[in-house]
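Below: one structure, written as structure tokens.
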Amino acid sequence: MCMLMFVPSNPFNQSLHRGDEISGAIKLIFLLFCFQGIDIRHNKDRKVHRKEPKSQDIYLRLLVKLYRFLARRSNAPFNKVVLRRLFMSRTNRPPIAISRLIRKMKLAGRENKTAVVVGTITDDVRIQTLPKLKICALRFTDGARRRILKAGGQVMTFDQLALASPKGHGTVLLSGPRKSREVYRHFGKAPGTPHSHTKPYIRSKGRKFERARGRRPSCGYKN
């Protein structure tokens, strides 16, 4: 004869099973979260350096194509710098005068080397006599080109330089003064404040303009 016995359920075991179910659900949610990935804000990740020139000049684009190849295949730092400067805007490729070029090429160890400027070479009428120079640049003004050639020098383009010196041996990379633009005189500490030498934007120069506070000690202070 079979006897049925009633065994009461243990509430402790039920709580254990419920805890296992909760932990399993948490693990499932965690796995789904891991496979889904994490949403990261990319709105502040903008890279501001140029990867190509903004100009559509075909000759500049051909030079970029040439020096992109040289920078990749030769692995020379010179070609990488030239390529990066070819990308730059005109404000970051300021012109350099012959006088500054002569001064820089007179330094020790730069004799018989080629001056390389990714920019424009301009004339300087204050210089009476020019030494014999070998210069490579993107552009020469008419006066600068005429005086360099008359002095027995040589003007080169960048494709000629790539044939003569593919890795930049025997060259000196130079650039013009970037902060020589007039607009930089207006940058800095506010005009009129103590110890400020920033140029103010004014309507006109004259007796009735910018002559009081900050310009004489009787009106507050004098810079």
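In this text, residue positions in the sequence shown follow the numbering used here: the first is 21, and each later residue adds one. Note that the Cβ used here is the ideal one computed from N, Cα and C, for glycine as well.
First through last residue of the beta strand (DSSP E) which encompasses residue i
{"i": "Lys154", "result": "154-160"}
{"i": "Met176", "result": "174-176"}
{"i": "Val192", "result": "191-194"}
Beta-carbon spacing of residue i, residue j below 8 angstroms
{"i": "Leu150", "j": "Arg165", "result": "no"}
{"i": "Ile116", "j": "Leu194", "result": "yes"}
{"i": "Thr111", "j": "Thr140", "result": "no"}
{"i": "Leu158", "j": "Val138", "result": "yes"}
{"i": "Ala96", "j": "Gly188", "result": "yes"}
{"i": "Gly173", "j": "Lys152", "result": "yes"}
{"i": "Ser185", "j": "Pro114", "result": "no"}
{"i": "Ala182", "j": "Leu80", "result": "no"}
{"i": "Arg227", "j": "Gly212", "result": "no"}
{"i": "Lys67", "j": "Ser109", "result": "no"}
Whole-number beta carbon distance between residue j and residue i, since they are thought to touch under 8 angstroms
{"i": "Glu230", "j": "Pro220", "result": "6 angstroms"}
{"i": "Arg70", "j": "Phe98", "result": "Arg70 to Phe98, Cβ: 19 angstroms. No contact."}
{"i": "Tyr241", "j": "Pro197", "result": "Contact doesn't hold; Cβ gap of about 32 angstroms is too wide."}
{"i": "Val203", "j": "Met125", "result": "Between Met125 and Val203 the Cβ distance is about 29 angstroms, and since that is not below 8 angstroms, they are no contact."}
{"i": "Leu103", "j": "Asp179", "result": "Incorrect: roughly 14 angstroms between the Cβ atoms, too far for contact."}
Alpha helix (DSSP H) segment containing residue i, residue limits
{"i": "Val145", "result": "No alpha helix (DSSP H) holds Val145; DSSP gives it neither H nor E."}
{"i": "Ile78", "result": "78-94"}
{"i": "Met125", "result": "118-125"}
{"i": "Asn99", "result": "97-106"}
Inter-residue Cα distance where the pair is residue i and residue j
{"i": "Val27", "j": "Gly57", "result": "In this predicted model, Val27 has a pLDDT of only 49, less than 50, meaning its place in the structure is not dependable enough to derive any value."}
{"i": "Ile155", "j": "Lys133", "result": "9 angstroms"}
{"i": "Ala171", "j": "Val136", "result": "18 angstroms"}
{"i": "Asn243", "j": "Thr218", "result": "11 angstroms"}
{"i": "Asp59", "j": "Phe50", "result": "15 angstroms"}
{"i": "Gln148", "j": "Lys64", "result": "53 angstroms"}
{"i": "Ile78", "j": "Phe89", "result": "17 angstroms"}
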